[in-house]
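Asks: If you read the sequence shown in the working numbering, its first letter stands for residue 2, the second for the next number, and so on.
Beta carbons are placed, not taken as given, at the ideal position from N, Cα and C, and that holds for glycine.
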Amino acid sequence: MIKRGNKYQWLNEARKVDFIPWAPGQPNHGDPPVCISMNYFGNSKWTDDSCHSGEFFLCEKFPVDCSFEPDGFVCRKNCTSKCKERPNYVVCDDRTGNCWEGCADGYLGVKCDTPCNKTYYGFNCAFNCSTNCGGDEGLCDYESGNCTSGCNRGFMFEDTKCNSECPNGTYGLNCTKRCSPFCGGPGQYCKKDYGECLAGCVGGYTGDQCLT
2 MIKRGNKYQW LNEARKVDFI PWAPGQPNHG DPPVCISMNY FGNSKWTDDS CHSGEFFLCE
62 KFPVDCSFEP DGFVCRKNCT SKCKERPNYV VCDDRTGNCW EGCADGYLGV KCDTPCNKTY
122 YGFNCAFNCS TNCGGDEGLC DYESGNCTSG CNRGFMFEDT KCNSECPNGT YGLNCTKRCS
182 PFCGGPGQYC KKDYGECLAG CVGGYTGDQC LT
């Protein structure tokens, strides 16, 4: 939309503009040529500006689903907090609520209101939870991928995604147990889930963990 003389007209036609929801203090840009843009960082009403910058479209209809109050039309619904953020920019369509830039990690849908299914997480729910996540279903947080029920036996919870095996010489849940001192071999190592000795037992001891 552009100002010609004392009138505002749509660029592609000479039709007079009847719908102009000015922001407070607008218009204030002086003599033409002046173009109109939407005040995205305030109340989404219109401001006048130089015609040398690119701006988004304007609508000549009132917003859908927004109520009229003495100071103008007010849209009471907020964009979902799960819309992907873009600094200093509106993140959803002011009519439909659909997210412009996609979703934050862990969410799907045009409004980003659907969490990832069970064993998936991250941007577009494109990543699988670690197969080492504990619990009956091996679930993880759908935003971060952190295992929500600890780790399977033999893996450390230190990195929260359970991708690190227990250090040699330890085993069990959260790697809190030590291999038997009677395991054979130079390192006296054991399996990292239940502690069975890998190289048999030293003389005089028997059993999976060489404790008898």
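Taking Cβ to Cβ, would you say residue 152 is nearer than 8 angstroms to residue 163?
Replies: yes
Asks: Under a three-way DSSP split, which group does residue 128 fall into?
Replies: strand
Asks: Measure the CB-CB distance between residue 197 and residue 189 and report whether it falls below 8 angstroms.
Replies: no
Asks: Beta-carbon within less than 7 angstroms of residue 192's beta-carbon, same chain only, minus the 5 sequence neighbours each way: which residues are those?
Replies: 172, 199
Asks: Straight-line CA distance for residue 110 to residue 156?
Replies: 34 angstroms
Asks: Which residues in the same chain as residue 113 place their Cβ atom closer than 8 angstroms to its Cβ, once the five residues preceding and following it in sequence are excluded?
Replies: 81, 83, 84, 85, 100, 103, 104, 105
Asks: Please determine, among 51, 158, 201, 150, the residue with the shortest C-alpha to C-alpha distance to residue 136.
Replies: 150
Asks: Given this structure, state the Cα-to-Cα distance separating residue 43 from residue 108, to the nearest angstrom.
Replies: Summary for residue 43: the model assigns pLDDT 49, below 50, so the residue's position carries little reliability, and this model does not support an answer.
Asks: Buried or exposed, going by whether 16 or more other CB atoms sit within 10 Å of the CB of residue 49?
Replies: buried
Asks: Tell me the rounded alpha-carbon separation between residue 94 and residue 46.
Replies: 15 angstroms
Asks: Can you have a look at residue 63 and say buried or exposed, based on whether 16 or more other CB atoms are within 10 angstroms of its CB?
Replies: Low per-residue confidence applies at residue 63: pLDDT is 48, beneath 50, and the placement is therefore not dependable, though the value from the model is reported in the following sentence. Classification of residue 63: exposed, given that the 10 Å Cβ count is below 16.
Asks: Would you kindly report the start and end of the unbroken beta strand (DSSP E) that includes residue 47?
Replies: 47-50
Asks: Return the residue from the list 118, 207, 119, 194 that minimises the CA-CA distance to residue 169.
Replies: Considering only alpha carbons, the answer is 194.
Asks: Based on Cα-Cα distance, which residue from 159, 154, 36, 161 lies nearest to residue 178?
Replies: 154
Asks: On a Cα-Cα basis, can you pick out the residue from 139, 27, 22, 144 that is closest to residue 127?
Replies: 144
Asks: Alpha carbons only, please: which of 36, 204, 187, 139 is nearest the one belonging to residue 161?
Replies: 139
Asks: So, are the CB atoms of residue 131 and residue 148 less than 8 angstroms apart?
Replies: A Cβ-Cβ contact shorter than 8 angstroms links residue 131 with residue 148.
Asks: Would residue 167 pass as a contact of residue 176 if the rule is Cβ separation under 8 angstroms?
Replies: yes
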